[in-house]
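Chains as they are written, first to last, in my numbering: chain A, 7 to 120; chain B, 106 to 214.
Just so you know, even glycine gets a beta-carbon here, dropped at the ideal spot from N, CA and C.
First comes the structure, then the notes that go with it.
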Amino acid sequence: SAVISQKPSRDICQRGTSLTIQCQVDSQVTMMFWYRQQPGQSLTLIATANQGSEATYESGFVIDKFPISRPNLTFSTLTVSNMSPEDSSIYLCSVQTGVGTEAFFGQGTRLTVV
Amino acid sequence: RKEVEQDPGPFNVPEGATVAFNCTYSNSASQSFFWYRQDCRKEPKLLMSVYSSGNEDGRFTAQLNRASQYISLLIRDSKLSDSATYLCTATDSWGKLQFGAGTQVVVTP
Chain A
7 SAVISQKPSR DICQRGTSLT IQCQVDSQVT MMFWYRQQPG QSLTLIATAN QGSEATYESG
67 FVIDKFPISR PNLTFSTLTV SNMSPEDSSI YLCSVQTGVG TEAFFGQGTR LTVV
Chain B
106 RKEVEQDPGP FNVPEGATVA FNCTYSNSAS QSFFWYRQDC RKEPKLLMSV YSSGNEDGRF
166 TAQLNRASQY ISLLIRDSKL SDSATYLCTA TDSWGKLQFG AGTQVVVTP
């Protein structure tokens with residue numbers, strides 16, 4: 007398993023501002039992901055955070071809105087840029103130790119945009 | 106069509122009873138399947154893996170039916186603490202997990 011520390015756990019932000027969420031893993035992992043979960047909804051994959059290269063974004067998500075960094079195999083950040091109330095959601099960092107293996111999640115960041 | 110679909114419930118279950126629910130997946134190439142439990146305002150936590158031969162862990166039993174492309178979860182002797190949302194997942198063609206929207210289970214005294 008992997009222990010994941012995600013912060014902040016929650017934040018209330020003004021529209022038009024940006025928030026950066028950090029994810030720290032206690033061991034080196036190959037696969038690292040960022041998800042969004044809106045109330046009562048499924049987890050939606052935003053992107054795969056690639057170490058040393060640009061993230062791979064899923065349909066409907068773009069780098070300008072959700073820039074991601076992954077400087078090494080234990081750390082990643084997700085920025086939610088130019089926020090609007092529609093961005094209010096829970097954002098989750100996740101890791102898989104290998105292709106097809108189970109995923110482990112950070113505690114999530116509950117974001118409210120006002 | 107969503108890749109993984111679940112009955113959202115809620116399944117209202119008397120304490121001590123058995124509850125079972127399914128999850129269907131659309132990608133016949135999916136190789137790995139898991140059930141997660143998510144409590145309100147918490148992150149999903151792995152409940153159990155689903156193997157081709159089935160998997161049992163205490164009161165929980167998971168089954169895989171590849172022919173019909175569904176997985177199931179059965180909870181025996183339900184406890185109040187089993188109340189949660191249960192998410193099923195299947196891997197996509199790249200080994201990433203696709204999640205269902207979850208099935209809510211409410212165990213009542």
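Residue-level contact to chain B via CB, A8(A), 7 Å cutoff = no
May I ask you to report which of helix, strand or coil DSSP gives L1(A)?
-> Nothing about residue 1(A) can be read from this structure; chain A reaches only from 7 to 120.
What residue from Q209(B), V118(B), P214(B) has the CA that sits closest to C128(B)'s CA?
-> Q209(B)
List, in order along the chain, the chain B residues whose C-beta lies closer than 7 Å to that of T105(A)?
-> Residue 105(A) is actually Val in this sequence, not Thr. What V105(A) touches in chain B: G200.
Are the beta-carbon atoms of A189(B) and F138(B) separated by less than 7 Å?
-> no
Runs of beta strand (DSSP E) wholly within the region 117-152 of chain B (minimum 3 residues, chain order) | 124-130, 138-143
Counting only runs that start and end within the region 28-91 of chain A, where is the beta strand (DSSP E) found for 3 or more residues in a row?
-> 37-43, 49-55, 74-78, 81-86
Residue range of the unbroken beta strand (DSSP E) whose run includes Y175(B) | 175-180
Stretch-stretch touch, CB-based, cutoff 8 Å, three pairs: the region 22-30 of chain A with the region 62-82 of chain A | yes
So is F126(B) in contact with chain A if we call contact Cβ pairs under 7 Å?
-> no
Below 7 Å between beta carbons is the criterion; list the residues of the region 81-94 of chain A that meet it against any residue of chain B, in chain order.
-> none
Which chain A residues are close to E148(B), counting only those with a beta carbon under 8 Å from its beta carbon?
-> L98, F111, G112, Q113, G114
Three-state secondary structure assigned by DSSP to S100(A) | strand
With a CB to CB cut of under 7 Å and the five nearest residues on each side skipped, what residues in its chain are close to I18(A)?
-> T118, V120
Could you say which of S173(B), V212(B), Q168(B), Y191(B) lies nearest to Q47(A) if we only look at CA atoms?
-> Y191(B)
Selected residue, minimal CA-CA separation from A61(A), among I74(A), D70(A), S95(A) = I74(A)
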